[in-house]
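In order, the protein sequence lines correspond to chains F and L.
Take the first sequence: its letters are residues 0 to 543, numbered as in numbering that gives the first Met the number 0.
Take the second sequence: its letters are residues 0 to 248, numbered as in numbering that gives the first Met the number 0.
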Amino acid sequence: MATGRCREFVIEDGAGPVPRRVAAALRPHFTVAAQTRRRARQVWLDTFDWRLHTAGLVLRQVSGARSGELVLITSAGEAVASEPLPTQRWPCLIDVIPEGPLRDRLSPVVEIRALLPVARADGTLTQLRVLDGEQKTVARITLEVTALAQPAAGPLPPRLILTPVRGYQSATDRAARLLAAADGFAPSTRSAFQTVLATAGRQPGDYSDRVDVTLPESMPARTALATVLLRLADTMEANVGFVIRDVDTEFLHDLRVAVRRTRSALRLAGDALPGDLAARFAPEFKWLGDLTTPTRDLDVNLAGFDAMVARLHAAAPGDLEPLRAQLTHQRAIECRKLARGLRSARFGKLMVSWRGALDEAAAPPRAPRRSKRAHQPTADIGSLAADRIGRAYRKVAKRGAAITAAGAAGGPPAEDMHALRKRCKELRYLLEFFGSLYDPAALRRAVKDLKGLQDCLGDFQDAEVQRAEVREFATWMLARRAAPGTGQPPVSELAATLLAMGELTSQLHAQQLRARAEVAGRFAAFARAGSLRTLGLLPRMAKA
Amino acid sequence: MKIFATYNIKGGVGKTSAAVNLAYLAGEDGFRTLLWDLDPQAAASYVFRIQPRVKGGAKALIRGARPLDDAIKGTDFDHLDLLPADFTYRNMDLALHKAKRPTRQLSRLLGPLAADYDIVFLDCPPSISLVSENILHAVHTLLVPLIPTTLSERTFDQLTAFIDSLDGQRPAVLAFFSMLDRRKRLHREIAARLTAERPDIAATVIPAMTVIEQMAVRRAPVPAFAPRSAAAQRYRQLWTELRGRSGLT
Ligand SMILES: Nc1ncnc2c1ncn2[C@@H]1O[C@H](COP(=O)(O)OP(=O)(O)OP(=O)(O)O)[C@@H](O)[C@H]1O
Ligand SMILES: [Mg+2]
């Protein structure tokens, strides 16, 4: 349980073996005892979206011939936890890690994302111990002579890592000073992980699902829109390989969001693109969106399954297990269909031609050729964004007013909820696409107010979808029983499952009632907050 | 987190030897283990080559001016840390007296360690005091080394009677015979009879063995410097027995 800050040194050329040079540097205050020397493979791990890095954590698996260990430290080099773990074939979900302090620390950060190998280095690790006058170990030294093996091959500078034994930080600091003063040990300005990343040419945080583009207000609208759409295409392509391999469910989520955003951009502002580009590609992206829907719906269902079971009072938790088994089975089938679709020539061609079209659209307009259909390259993104956000806002306001007027007992009908939800989404997307045009603080406030309303509408919708599914599965189970030959559950078991589904339906119904009762209030709060209304036509929102 | 203590009113019966070796074996099994050397004589700290010094002393620890966490030192062994002794521990009773619930102070102090440790061993000084009363309230199992003499059963009965008289949560008690001299027939007979008769006496006996005495010279737990010795074997057996009884998986 070593805790405290590690110190790292780069070992420079010098005379004699390194352990002897270390011992000479620390004399007469400390003696050095050799411990072990082993060949080891080190794999640094993080989620695709760099959650560990963002949280200031560095996770590494060190494995030797027979054993392996996961080691978690902070990016400042402080030990957090470690756990024995045999060599894995990464990526893996966090359940491969045995329960314990390390997993407890990781799981709120990593959640459902897979741990992917960021880089791998192979080499020898030599352990030394630093002893005080009582021959007590006060610090440990690891000599690392390794080379990067993945994602590219390359030598890494030999390093020395000095780790304090708990409670001996000051002795360790002293040893660090002695080493720094000696020839041949240069305090490292970069951590081992930073060196590995730099050698590997990897940039932490090189993936984000946000539309992080910067658009100058005066940029031609078509260029700006193409820039946003190219960014979304990047997101799709970054995720698609992992979706095919089914690494974790968030890859599909991010892919879908990018597709949905693309479709909305085409619908809401596609007229700014040259020619019939929007009309040509819209059906293809609808196809892509539809392709991903069944798997995603099942992912959502399975992810919420335990919470759903926990909510049951009358039914026994096991009553819904046949349903879970069916969902899992169905998911495997849908995943294969999805992978086939994403490997298809149709998808490949779509991405190539889409990028080509966008590259062309993004390029500065050529000198107008003589053509009958001259487009309007004059519009700048500042005015287009203001126009479209204004329109979208007015639609939200209109729908919202209708809902407030309805005011009837039980709240507005489902169709109105649905319509308002769609309008809110459109507004939200536009704010995301063109966010860089506006004052960040004002934008954050606007998005936050809108989100409160969207969450309520989302609750309603989720319950709606789940209810439909429960009904569908009930039908499926009865049909399967009617079908001869299949492994039929006994009637009593079937009855228990159906009753549990009934209880579930009633809970979902209650959730919808709550959302309907709340929605008028949420809308009023949104309208009152005015963060968008004052920005309504947005001159105030735009940077002065 | 399970808390164990080696305790006997009598001195020199093998409390420290047991605490050091059992704590080492717990760490070896992968349990995150802390050994608290509560004896101002600091025998356990000495074995681990750790200075018997806690800044602010007993008073600072009990008043909470200094969290236990700060005073903990890593031993040379995996999964085993030590909270060192301090000379001021000889006045621990005084500091405890001044606290609000004087008999529950150790429980309170140990509470926050549950996040970091699976097992805590307390190595106690030989006495009856407020410190020992605190220990009885804090621990899950009290380990009592007994020298196999005719009086040992009586001493042990007095201790269990005292524990039964306590209110609140009472510790389980597990005695074991320590420093059994195999050349003495009486030792052998007493040990054989009582281990068979009494479920609160461990089946494992720790005989008198020179390798155990050598701990003070080698300054390490027996299984660390003589892993295959008969003594290491016995402590391992005792640890397995304790582990099983306290439901540690
Ligand atoms: N099984 C044994 N065989 C031989 N010597 C032993 C054995 N157990 C303990 N000793 C020795 O007996 C002495 C006292 O043992 P130990 O320190 O473990 O007892 P203690 O009960 O903790 O004593 P104290 O009451 O002074 O704290 C030490 O010198 C120790 O080496
Ligand atoms: Mg002792």
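Cβ coordinates follow ideal geometry from the N, Cα and C atoms, glycine included.
Asked, Found
"Using beta carbons (cut-off 8 Å, strictly below), is arginine 165/F in contact with chain L?", "yes"
"What residues in its chain sit with their C-beta under 6 Å from that of leucine 179/L, if we drop five residues either side in the sequence?", "Pro147, His186, Ala190, Val204, Pro206"
"Output needed for lysine 371/F: all residues of its chain with C-beta closer than 6 Å, excluding positions within five of it in sequence on either side, in chain order.", "Note on lysine 371/F: pLDDT 49, under 50, position unreliable in the model; no value is reported."
"If you measure beta-carbon to beta-carbon, which residues of the segment 75-86 of chain L are closer than 7 Å to chain F?", "Asp75, His78, Asp80"
"Can you look up leucine 82/L in the DSSP assignment and give me helix, strand or coil?", "strand"
"Any chance you could list the alpha helix (DSSP H) runs of at least 4 consecutive residues sitting entirely within the segment 30-76 of chain F, in chain order?", "50-53"
"Expressed to the nearest angstrom, what Euclidean distance is found between the alpha-carbon atoms of serine 382/F and glutamate 283/F?", "29 Å"
"Closer than 8 Å by beta-carbon distance: list the chain F residues that pair up with isoleucine 71/L, in chain order.", "Arg165, Gly166"
"Quick check: does the Cβ of proline 124/L come within less than 7 Å of any heavy atom belonging to ligand 1?", "yes"
"If aspartate 131/F and phenylalanine 29/F are in contact, beta carbons under 8 Å, what's the gap, nearest whole angstrom?", "6 Å"
"Using a threshold of 7 Å, is the CB atom of lysine 54/L nearer than that to any non-hydrogen atom of ligand 2?", "no"
"Measuring only from the beta carbon, is lysine 9/L closer than 7 Å to any heavy atom that is part of ligand 2?", "no"
"Using the beta-carbon of each residue, which ones in chain L are nearer than 8 Å to glutamine 134/F?", "Arg48, Arg218"
"Would you call the segment 78-90 of chain F and the segment 44-61 of chain F touching, i.e. three or more CB-CB distances under 8 Å?", "yes"
"Check the C-beta distance from valine 9/F over to proline 18/F and give it rounded, since I have them as a contact under 8 Å.", "Not a contact, Cβ separation roughly 16 Å."
"Any heavy atom of ligand 2 closer than 7 Å to the Cβ of aspartate 38/L?", "yes"
"Near alanine 543/F, what residues of its chain come up, given a Cβ to Cβ distance below 7 Å and the 5 sequence neighbours on each side ignored?", "Since pLDDT at alanine 543/F reaches only 33, below the 50 mark, its modelled position is unreliable, and no value is offered."
"Taking just the CA atoms, how far does aspartate 454/F sit from cysteine 423/F?", "11 Å"
"Exposed or buried, what is valine 550/F when buried is set at 16 or more other beta-carbons lying within 10 Å of its beta-carbon?", "Here chain F has residues from 0 to 543 only, and residue 550/F is not among them."
"In whole angstroms, what is the alpha-carbon distance linking arginine 527/F and glycine 204/F?", "37 Å"
"When every heavy atom of ligand 2 is checked, does at least one fall within less than 7 Å of the C-beta of threonine 15/L?", "yes"
"Aspartate 36/L bridges to which residues according to DSSP?", "Asp122/L"
"Might you give, ordered along the chain, the residues of its own chain that have their beta carbon closer than 6 Å to the beta carbon of valine 21/F, omitting 5 neighbours on each side?", "Val31"
"Name the DSSP bridge partner or partners of isoleucine 140/F?", "Leu127/F, Leu161/F"
"Among the candidates Lys183/L, Leu173/L, Pro222/L, Ser228/L, whose CA atom is the shortest distance from the CA of aspartate 28/L?", "Pro222/L"
"Output the distance between the C-alpha atoms of lysine 97/L and aspartate 172/F, rounded to the nearest integer angstrom.", "38 Å"
"Keeping to the same chain, check which residues put their C-beta closer than 6 Å to that of glycine 56/L; ignore five residues upstream and five downstream.", "Asp85, Thr87"
"Have a look at arginine 301/F and arginine 201/F and give me their C-alpha separation to the nearest angstrom.", "The sequence given here has leucine at residue 301/F, not arginine. Leucine 301/F and arginine 201/F: Cα-Cα distance of roughly 34 Å."
"Inspect the CB distances between the segment 137-147 of chain L and the segment 228-245 of chain L and report whether three or more fall short of 8 Å.", "yes"
"Tell me which same chain residues have a C-beta within less than 8 Å of the C-beta of glutamine 134/F, skipping the five on either side of it?", "Thr30"
"Note down the Cα distance separating leucine 322/F from valine 469/F, rounded to an integer number of angstroms.", "9 Å"
"Can you grab the Cα-Cα spacing for the pair alanine 373/F / arginine 390/F, in whole Å?", "Confidence in alanine 373/F is poor, its pLDDT being 47 and thus under 50, which makes the residue's placement too unreliable to answer from."
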